[in-house]
Amino acid sequence: MFTQDKYQKALNFAAKAHGEQKTTNELPYITHLTSVAMEVMHACEESKLEVKKSDIAISVALLHDTIEDTEITYDDLYTEFSAEIAEGVEALTKDSTLSKKDQMAESINRLLTQPYEIQMVKLADRIVNLQKPPKSWDSLKILNYHKESKFILSCLKNCNLFLSKRLEDKINNYIVYIK
Ligand SMILES: [Mn+2]
Numbered sequence: 025m026f027t028q029d030k031y032q033k034a035l036n037f038a039a040k041a042h043g044e045q046k047t048t049n050e051l052p053y054i055t056h057l058t059s060v061a062m063e064v065m066h067a068c069e070e071s072k073l074e075v076k077k078s079d080i081a082i083s084v085a086l087l088h089d090t091i092e093d094t095e096i097t098y099d100d101l102y103t104e105f106s107a108e109i110a111e112g113v114e115a116l117t118k119d120s121t122l123s124k125k126d127q128m129a130e131s132i133n134r135l136l137t138q139p140y141e142i143q144m145v146k147l148a149d150r151i152v153n154l155q156k157p158p159k160s161w162d163s164l165k166i167l168n169y170h171k172e173s174k175f176i177l178s179c180l181k182n183c184n185l186f187l188s189k190r191l192e193d194k195i196n197n198y199i200v201y202i203k
């Protein structure tokens, strides 16, 4: 179970923060955030995760791209939500001062210091991102994305059985896009 009013608050905050942003498939960005939240909610229910942890996981799912992609800061999230939520979103934010190559590994290292309910959001994010790749991606980019997804799963698989199984299936099915 989770708290509906907390979902609504995080959803409204994220929708306002992301404004007119679009996904790589040109949909309103909120479709990405609600899809990630949906995966997390499903896993919370399946795992019978306690309400407090579910609320944190679901709020962080809705907010997970705010620091990376909008004007929202750690302090904004701390003030509006909580220390756990601000720290969770920050751990899910890539450090843009590092090279592209180092960003994922460094982010995973930070995530491994976070509770399982935060790590779950990374698996859910990748599950949602393993839909059909955008037309602009070449075969090398698709291949690397597949490899990177396997790396994420291998590092974070212990956080939730249902999400790790679902990500494993998504990774296996993604092979059809590799040329
Ligand atoms: Mn995302």
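Under the working numbering, read the sequence shown as residues 25 to 203, first letter to last. Even glycine gets a Cβ: it sits at the ideal position worked out from N, Cα and C. Owing to the predicted nature of the structure, the values given are computational and were not obtained by experimental measurement.
_I'd like the ranges of any alpha helix (DSSP H) spanning at least 4 consecutive residues and lying wholly in the region 46 to 74._
54 to 71
Ends of the alpha helix (DSSP H) at F37? Segment 28 to 42, the alpha helix (DSSP H) holding F37.
Within its chain, find whatever has a CB closer than 7 Å to the CB of E92; leave out the 5 residues flanking it on each side and keep chain order. T117, K118
Contained alpha helix (DSSP H) runs [length at least 4] in the region 69 to 125, N- to C-terminal order: 75 to 87, 90 to 93, 98 to 104, 107 to 115
L187 - DSSP class collapsed to helix/strand/coil: L187: helix per DSSP, three-state reduction.
Give me, in chain order, the residues of the same chain whose beta-carbon lies closer than 6 Å to that of L57; leave out the 5 immediate sequence neighbours on both sides. A38, L86
Original post:
With a cut-off of 8 Å, do at least 3 Cβ pairs link the region 176 to 184 to the region 145 to 153?
Top reply: The region 176 to 184, when compared against the region 145 to 153, does touch it at the 8 Å Cβ threshold.
Close beta carbons around W161, own chain, < 8 Å, minus the five adjacent residues each side: Y169
- For ligand 1, is there a heavy atom less than 8 Å away from the beta-carbon of H42? no
### Task
Out of K174, L187, I176, L154, point me to the one whose CA is closest to V200's CA.
L154
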